[in-house]
Amino acid sequence: MPEVKPPEPTRLGEVVWLEPFPDALLEGAIDVPLGPEARYEQTESISLAFVTAVQVLPPRQLAVLILRDVLGFHAKEVADMLDSTVESVNSALKRARASLQRRRPPTANHEPPPASDSPSEDAIVAKFVSAWESADLDALVALLTDDVFISMPPMPFEYEGRDLVVRFCANIFAAGRRYDLVRTRANGQPAFGAYLRSLNGVSHGVGLHVLTLRGDRIAAMTRFENTVFPWFELPRSLPSR
1 MPEVKPPEPT RLGEVVWLEP FPDALLEGAI DVPLGPEARY EQTESISLAF VTAVQVLPPR
61 QLAVLILRDV LGFHAKEVAD MLDSTVESVN SALKRARASL QRRRPPTANH EPPPASDSPS
121 EDAIVAKFVS AWESADLDAL VALLTDDVFI SMPPMPFEYE GRDLVVRFCA NIFAAGRRYD
181 LVRTRANGQP AFGAYLRSLN GVSHGVGLHV LTLRGDRIAA MTRFENTVFP WFELPRSLPS
241 R
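Per the numbering used here, the very first residue in the sequence shown carries number 1; after that it's consecutive.
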């Protein structure tokens, strides 16, 4: 970004090709009853954090994890589907769970996100839109968890911790870049088309921001390229206000 000098990232991401999925295409799919052995809530199993974590699993472990822990099939059913044995399925599932546990942040003491499209979620979203559009860094800081995380696939840079994330955002705001946000949803989470304001008043789409909420705070922000706009029926630009 011109005139923006971001701080050194916390680390480089492994899944640089991760892309968001429009909630509009998931309508009805996430309401299907799960089997009794499913370990993950439907909304969690489509979240960006979960999708990112499972990308590192070998194909067979990934298939077993999805079939057993997300869709709730019995071990015998999965063994039949994969032309395998129950013992092999259970072994693959054990390894997949262990690998996933190492890569996903602990959530035992974390507040769950507010329900989709609930008044609580709407309140957080409204505060974020106001802070981002007005470049109000103090208001943005008040919305972030201490361990907030930013990633920007396909760019590999990842920032972790409120201080570093605030420094990153401060660089953007200090460069005089101002945005308009258009709300949508991705992977069961609130998302926004971000439009950079130009001198002629037209705002040009530059990226899609997806928020991960925890309680009444923002725990993660993921920015995607504007090439995903057509999937969300977002325009390339917004007319002058």
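Even glycine gets a Cβ: it sits at the ideal position worked out from N, Cα and C.
Item                                                                                                                                                                                  : Value
Where does residue 189 fall in DSSP's three states?                                                                                                                                   : strand
Label residue 200 either buried or exposed according to how many other C-beta atoms from any shown protein chain fall within 10 Å of its C-beta, with 16 as the threshold for buried. : exposed
Roughly how many angstroms lie between the CA atoms of residue 233 and residue 154, to the nearest whole one?                                                                         : 21 Å
Return the Cβ separation of residue 75 and residue 86 in integer angstroms, given the expectation that the two are a contact with Cβ distance under 8 Å.                              : 5 Å
For residue 140, does the three-state DSSP call read helix, strand or coil?                                                                                                           : helix
So, using beta-carbon positions, are residue 23 and residue 188 closer together than 8 Å?                                                                                             : yes
Can you check the region 34 to 78 for any beta strand (DSSP E) of at least 3 residues that lies completely inside it and give the ranges in chain order?                              : none
Compute the beta-carbon to beta-carbon distance between residue 127 and residue 139, rounded to the nearest angstrom, for a pair I have assumed lies under 8 Å.                       : 7 Å
Near residue 108, what residues of its chain come up, given a Cβ to Cβ distance below 8 Å and the 5 sequence neighbours on each side ignored?                                         : Residue placement at residue 108 cannot be trusted, given a pLDDT of 45 that sits under 50; what the coordinates show is reported in the next sentence. Here the set comprises nothing.
Determine the direct distance from the alpha carbon of residue 61 to that of residue 88, and round the result to whole angstroms.                                                     : 10 Å
What do you reckon, are the CB atoms on residue 67 and residue 54 nearer than 8 Å?                                                                                                    : no
Tell me which residues share the same chain as residue 152 and place their Cβ nearer than 7 Å to its Cβ, disregarding the 5 neighbours each side in the sequence.                     : 223
For residue 239, list the residues DSSP reports as bridge partners.                                                                                                                   : Answer is none; residue 239 lacks a bridge partner.
Which one or two residues does DSSP pair with residue 180 in a beta bridge?                                                                                                           : 195
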